[in-house]
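The structure under discussion appears below in the form of structure tokens.
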């Protein structure tokens, strides 16, 4: 459809599942890409795939908690691709499960450092470049855990809830510049990561992966678990002119698990 023709998108935190799907779907809609992750294993190969789709793509190993690294990424994007129109903050550290009473608070600090402050560091570095464009976009990838507040998931849920709050703050701060700031809130994303987790949980209960999938599908209004491509297409909507009137919104993309 070409919803993102001639746009440049920085995807920060590109891994398996959603990060890879974001790259493929954004490229299919005409965007040129800047891929950032800690490890080059995925982004080097993915960049070649994106170039094979006829799009420009650069990649750089980037620790989003490092302000200098984020500024370097932005500078390279401006130099090689001419600017930045879209920033997607997708980096995630989902660990540290367990009750607060027994927690290692370093897990909480790490979750906040990556999931919240890392996104802020990347965003701060990108704002000057985004301001130089017309109708730029910032998209935060959050989680349903920030809404449902599961027990034992404090570090992950709290850090992503902070991301939800700052999405609205930034929408007000950057609105006068024409920059839209929104968040996508997926639930379970059916793919290798979810399958691995549910398989492990199922084995502990003596339950098959298929039965675990059905169990979690029943928690959604639509009785299915979206895959990464479907969630990525929601991000495309927020990145495109179709969402021009939308800012400061937390858009649930979880098949009605939360509404």
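In our numbering, the protein residues as written are 2 to 260. Ideal Cβ placement from N, Cα and C applies to all residues, glycine included. Please read all numbers here as calculations on a predicted model, not as lab measurements.
Identity of the residues DSSP links to residue 141 by a beta bridge: Along the chain shown, one-based indexing puts residue 141 at 140. Answer is 90, 184, bridged to residue 141.
Could you name the residues of the same chain whose beta carbon sits closer than 8 Å to that of residue 21, not counting the 5 residues immediately before and after it, in chain order? Along the chain shown, one-based indexing puts residue 21 at 20. Within the same chain, and ignoring the five residues on either side of residue 21 in sequence, the residues whose Cβ sits closer than 8 Å to its Cβ are 15, 43, 47, 229.
CA nearest to the CA of residue 11, picked from 73, 3, 55: Here residue 11 is taken as the residue at index 10 of the chain shown, counted from 1. Per the Cα distances, 73.
What residues in its chain sit with their C-beta under 6 Å from that of residue 195, if we drop five residues either side in the sequence? Counting from one through the chain shown, the residue named residue 195 turns up at place 194. By the criterion of a C-beta distance shorter than 6 Å, residue 195 is surrounded in its chain by 189, once the five residues flanking it on both sides are discounted.
Residue nearest to residue 92 in terms of C-alpha spacing, selected from 81, 117, 83: Your numbering for residue 92 matches position 91 in the chain shown. Comparing Cα-Cα distances from residue 92 to each of 81, 117, 83, the minimum goes to 117.
My understanding is that residue 1 touches residue 86, with C-beta atoms under 8 Å, so please give their C-beta distance in whole angstroms. Nothing can be reported for residue 1: it is not among the residues displayed for the chain, which extend from 2 to 260.
Counting only runs that start and end within the segment 160-248, where is the alpha helix (DSSP H) found for 4 or more residues in a row? Counting only unbroken stretches of 4 or more residues, the alpha helix (DSSP H) elements lying wholly within the segment 160-248 are 193-206, 210-218, 229-240, in sequence order.
Extent of the continuous alpha helix (DSSP H) run through residue 125: As a first step, residue 125 is located in the chain shown; it is residue number 124 there, counting from the start. Taken as a continuous stretch (DSSP letters only), the alpha helix (DSSP H) holding residue 125 covers 120-132.
Across which residues does DSSP place residue 61 in a beta bridge pair? As a first step, residue 61 is located in the chain shown; it is residue number 60 there, counting from the start. Assignment of beta-bridge partners to residue 61 by DSSP yields 37.
Would you grab the beta carbon distance between residue 136 and residue 245 for me? Rounded to a whole angstrom, and I think it's under 8 Å. Position 135 of the chain shown holds residue 136. Position 244 of the chain shown holds residue 245. Confirmed, about 7 Å.
As a quick exercise: from 193, 138, 183, pick the residue whose alpha carbon is nearest that of residue 8. Counted from its first residue, the chain shown places residue 8 at position 7. Among 193, 138, 183, the Cα nearest to that of residue 8 belongs to 138.
According to DSSP, what are the bridge partners of residue 253? Here the question's residue 253 lines up with position 252 in the chain shown. 186.
Whole-Å CB distance - residue 185 paired with residue 254, under 8 Å assumed: To locate residue 185, count along the chain shown from 1; it is residue 184. To locate residue 254, count along the chain shown from 1; it is residue 253. Contact holds; Cβ gap of about 5 Å.
Under 8 Å between C-beta atoms of residue 26 and residue 237: Counting from 1 along the chain shown, the entry for residue 26 is found at position 25. Counting from 1 along the chain shown, the entry for residue 237 is found at position 236. The Cβ atoms of residue 26 and residue 237 lie closer than 8 Å to each other.
Please determine if the segment 152-161 and the segment 212-223 are in contact, where contact requires at least 3 C-beta pairs separated by less than 8 Å. Of all C-beta pairs linking the segment 152-161 to the segment 212-223, fewer than three are shorter than 8 Å, placing the two stretches out of contact.
Looking only at its own chain, which residues have a Cβ that is under 6 Å from the Cβ of residue 233, when we skip the five neighbours before and after it? Here residue 233 is taken as the residue at index 232 of the chain shown, counted from 1. Once the five neighbours on either side are set aside, the close Cβ partners of residue 233 are 22, 23, 26.
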